[in-house]
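Mind the numbering: the sequence shown is residues 49 to 374 in the numbering used here, read in order.
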Amino acid sequence: MRRTVQAVSVVLVGLFVLGFCGRSMALDEVKLHVSGATSPNALIFRFAKEKGFYKEEGLEVLPITAGMLPGIQGLVAGSFDFSQILGQGAGAILRGLPLKIVMAFDTRPMNWLYGGKHIKSPQDLKGGRQIAVSSFGAALDQMTREILPKYGIEPGRDVVLRPIGNAPDRLAALLSGAVDASVLSHTDRIIARKGGFNELLFYGDHLEFVTGGVVASEKTLSQRADFVHRFLRGTLKGFYWWKSSESEVVSRLAKLLKGSEAESREVYQASLKVFSADGTLPRSLQERMVTMQKKSLKVDRDISPEEVYHFALINSINKELGKVAH
């Protein structure tokens, strides 16, 4: 009888220990708003998760695809913990919403304007042709309005900008002829090029613009500081891994995109040309971004870069990781 009681006690203690360990090892869930595109900006999160960088920080990242505006609205409401969308995020901040951009992946846009087979140059778009952008006020919309006047094209007068949505929808609109031109990512550009559509311009040749990174609510930053720190640390690990692991990144891209390694290498090398040095932006670029976006969104009040960008956390994590913060 005594042996039976001892055996039962051992089992109960074992179950208690296992249960405690299971709870202590549980990963904190991160609801991440993503665009659904297969751009490098979006894939950094995916590959960081696959490499286990978030798990090392005790996190389980759940990428959730949503439109850009609904995603930012969800971020403010608390439905999402973070968003990758910096264009709409900055626009929301300029309009007074309590958000901060805490990490930046790129300093120039990796986007192209592609036209239908009958469109050979940007000037061919004059006469009310339709151009697909993501949504009004988003990064692609702002950039397009900034670039087209350089070609003597006035949005609203010479061309019509149509808010089509995410990258797959913009590509589909171009391929189907629903629009005359579309702003595409590098991966969608490859598909359009193979289909005989014409490259009209590369956005990165014309302006600096920050499109991808991490946006968080001020409430999350103040009330869940450790949670934010761990997420940014895992993301920064993924960011540096991408920049230093060409062969592995290209291999993963080729499998994901179901394309050749040559095409995937083209995507990878293009990303290195536009990525930031360390997940932050020089203050001069922060100032230019604020000025440009205020103009695009017709915001009159004075806004300092500190109201939009908060890179103190990334600078701190760079030091932890032995990186030189700029």
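Glycine included, each C-beta is placed from N, C-alpha and C at the ideal position.
Separation of residue j from residue i, as counted between CA atoms
| i | j | result |
| --- | --- | --- |
| residue 292 | residue 204 | 43 Å |
| residue 63 | residue 74 | No answer about residue 63 holds up, because its pLDDT of 45 lies below 50 and its placement is not dependable. |
| residue 176 | residue 130 | 38 Å |
| residue 118 | residue 225 | 27 Å |
| residue 235 | residue 103 | 28 Å |
| residue 287 | residue 101 | 10 Å |
| residue 341 | residue 301 | 32 Å |
| residue 296 | residue 315 | 13 Å |
| residue 378 | residue 258 | An answer regarding residue 378 cannot be provided, because it is not within the stretch 49 to 374 covered by the chain. |
| residue 312 | residue 82 | 21 Å |
| residue 124 | residue 268 | 10 Å |
| residue 167 | residue 143 | 36 Å |
| residue 353 | residue 190 | 18 Å |
| residue 262 | residue 371 | 19 Å |
| residue 122 | residue 169 | 39 Å |
| residue 70 | residue 274 | Any reading at residue 70 must be qualified, since the residue scores a pLDDT of 45, below 50, and its modelled position is unreliable; no value is offered. |
| residue 222 | residue 113 | 22 Å |
| residue 173 | residue 227 | 11 Å |
| residue 141 | residue 330 | 19 Å |
| residue 152 | residue 80 | 15 Å |
| residue 201 | residue 207 | 7 Å |
| residue 148 | residue 183 | 20 Å |
| residue 187 | residue 126 | 22 Å |
| residue 367 | residue 283 | 15 Å |
| residue 243 | residue 337 | 35 Å |
| residue 351 | residue 317 | 35 Å |
| residue 348 | residue 87 | 33 Å |
Contacting residues, own chain, Cβ-Cβ under 6 Å from residue i (five flanking each side not counted)
| i | result |
| --- | --- |
| residue 281 | 105, 365 |
| residue 215 | 85, 233, 236 |
| residue 285 | 101 |
| residue 199 | 170 |
| residue 335 | 353 |
| residue 290 | 92, 297 |
| residue 196 | 203 |
| residue 238 | 311 |
Within 8 Å, strictly: CB atoms of residue i and residue j
| i | j | result |
| --- | --- | --- |
| residue 138 | residue 356 | yes |
| residue 229 | residue 163 | yes |
| residue 109 | residue 97 | yes |
| residue 132 | residue 159 | no |
| residue 241 | residue 180 | no |
| residue 85 | residue 233 | yes |
| residue 107 | residue 279 | yes |
| residue 359 | residue 78 | no |
| residue 194 | residue 344 | yes |
| residue 369 | residue 276 | no |
| residue 252 | residue 115 | no |
| residue 95 | residue 111 | no |
| residue 146 | residue 265 | yes |
| residue 156 | residue 247 | no |
| residue 306 | residue 245 | no |
| residue 231 | residue 161 | yes |
Collapsed DSSP secondary structure at residue i in the structure displayed
| i | result |
| --- | --- |
| residue 229 | strand |
| residue 355 | helix |
| residue 347 | coil |
| residue 201 | coil |
| residue 180 | strand |
| residue 333 | helix |
| residue 70 | Its pLDDT being 45, under 50, residue 70 is placed unreliably by the model, and the measurement read from it follows with that caveat. Residue state, collapsed to three classes: helix. |
| residue 219 | helix |
| residue 209 | strand |
| residue 328 | coil |
| residue 367 | helix |
| residue 360 | helix |
| residue 186 | coil |
8 Å Cβ cutoff, residue i in contact with chain C
| i | result |
| --- | --- |
| residue 312 | Of the protein chains in the structure, only one exists, and it is not chain C. |
Own chain partners of residue i with C-beta closer than 7 Å, once the 5 adjacent residues on each side are dropped
| i | result |
| --- | --- |
| residue 154 | 89, 258, 259, 260, 322, 323, 324 |
| residue 209 | 179, 181, 189, 192, 203 |
| residue 185 | 136, 139, 345 |
| residue 211 | 181, 182, 183, 184 |
| residue 72 | At residue 72, the pLDDT of 45 sits below 50, so the modelled position is not reliable and the matter cannot be decided from this model. |
Legend entry - Runs of beta strand (DSSP E) wholly within the stretch 240-322 (minimum 3 residues, chain order): 246-250, 260-265
Legend entry - alpha helix (DSSP H) runs contained entirely in the stretch 101-173, provided each spans 4 or more residues: 101-104, 116-125, 134-142
Inset, instruction - Please specify which runs of the alpha helix (DSSP H), each continuous and at least 4 residues long, are wholly inside the stretch 75-102, giving them in chain order. - result: Within the stretch 75-102, the complete alpha helix (DSSP H) runs of at least 4 residues are 88-98.
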